[in-house]
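J.: For reference, the structure I am asking about is given below.
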Amino acid sequence: MAELIYYCGTMDSGKSTLALQTAHNHRSRGRTGLVFTNQDRAGRGQISSRLGLQSDAIEVEPNLDIHKYVVELLSEGTRVDFIICDEAQFYQPHHIEELAKVVDGLGIDVFAFGILTDFRTSLFPGSARLVELADRVQTLQVEALCWCGERATHNARTVNGEMVVEGEQVVVGDTNARDEVAYEVLCRRHHMRRVTSRLSGAGRAEPLPFNFS
Numbered sequence: 624m625a626e627l628i629y630y631c632g633t634m635d636s637g638k639s640t641l642a643l644q645t646a647h648n649h650r651s652r653g654r655t656g657l658v659f660t661n662q663d664r665a666g667r668g669q670i671s672s673r674l675g676l677q678s679d680a681i682e683v684e685p686n687l688d689i690h691k692y693v694v695e696l697l698s699e700g701t702r703v704d705f706i707i708c709d710e711a712q713f714y715q716p717h718h719i720e721e722l723a724k725v726v727d728g729l730g731i732d733v734f735a736f737g738i739l740t741d742f743r744t745s746l747f748p749g750s751a752r753l754v755e756l757a758d759r760v761q762t763l764q765v766e767a768l769c770w771c772g773e774r775a776t777h778n779a780r781t782v783n784g785e786m787v788v789e790g791e792q793v794v795v796g797d798t799n800a801r802d803e804v805a806y807e808v809l810c811r812r813h814h815m816r817r818v819t820s821r822l823s824g825a826g827r828a829e830p831l832p833f834n835f836s
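Numbering (our numbering) for the sequence shown: 624 to 836.
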């Protein structure tokens, strides 16, 4: 039976690397598939890993009907054995429903990769629908670390080095602190207290006050 599987984690947990590795593994066994992405930091129609890996991909536009797209390819004689969906948190809920139709109606495995929650700790709409519909939701085994050394569980957005908790849900950036808009992974304790590596003193684990106003 084909499955819709969602692999999720924080930033820096190797999602895009695993997506590219999964595509490679299937292709090395003679399988043919499609690779989709949305708003990758490398630009439109690209999947990029922080390890330096990169591949062309199909950009998921808001009005794209993924199920219809796949059906048209199959009707033309194109073989599709699997589908990789990177940056799935940015997909619209209808895209996730279309992927479920691909699995159930066409018998094609779909492997989705993404982030569960945004910088405000709220679920992305695409991730929420994946949690609701996926046959399996698997947390990535590569654990990103907070500056304090604890397991990172939350994504923080910084603007000019300062952590923010308001703003548009989707602003494309990276974990490069030199950028105006950047992201950092934090443990829950430091995310709730808004203590980034910069505020902590470049990663030095210092005692925190008990009371925060």
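No residue lacks a Cβ here, since even glycine has one placed at the ideal position from N, Cα and C.
Is the number of C-beta pairs between the stretch 693-707 and the stretch 651-658 that are closer than 8 angstroms three or more?
T.: Touching, per the Cβ criterion.
J.: In the DSSP output, which residue or residues are listed as bridge partners for Val683?
T.: None; Val683 has no bridge partner.
J.: For Ser671, collect the residues of the same chain with a Cβ closer than 7 angstroms to its Cβ; drop the 5 residues on either side in sequence, then sort them by chain order.
T.: Excluding positions up to five away in sequence, the list reads Ser639, Asp663, Arg664, Ala665, Gln677.
J.: What separation, rounded to the nearest whole angstrom, lies between the Cα atoms of Glu789 and Leu739?
T.: The alpha-carbon atoms of Glu789 and Leu739 are separated by roughly 18 angstroms.
J.: Checking the sheet assignment: what are the DSSP bridge partners for Val787?
T.: Val787 pairs with Arg780.
J.: In whole angstroms, what separates the C-alpha of Gln792 from that of Pro685?
T.: The alpha-carbon atoms of Gln792 and Pro685 are separated by roughly 16 angstroms.
J.: Is DSSP giving Ala735 helix, strand or coil here?
T.: Residue state, collapsed to three classes: strand.
J.: With Ile689 and Glu721 assumed to form a contact (beta carbons below 8 angstroms), what rounded beta-carbon distance in angstroms separates them?
T.: Between Glu721 and Ile689 the Cβ distance is about 4 angstroms, and since that is below 8 angstroms, they are a contact.
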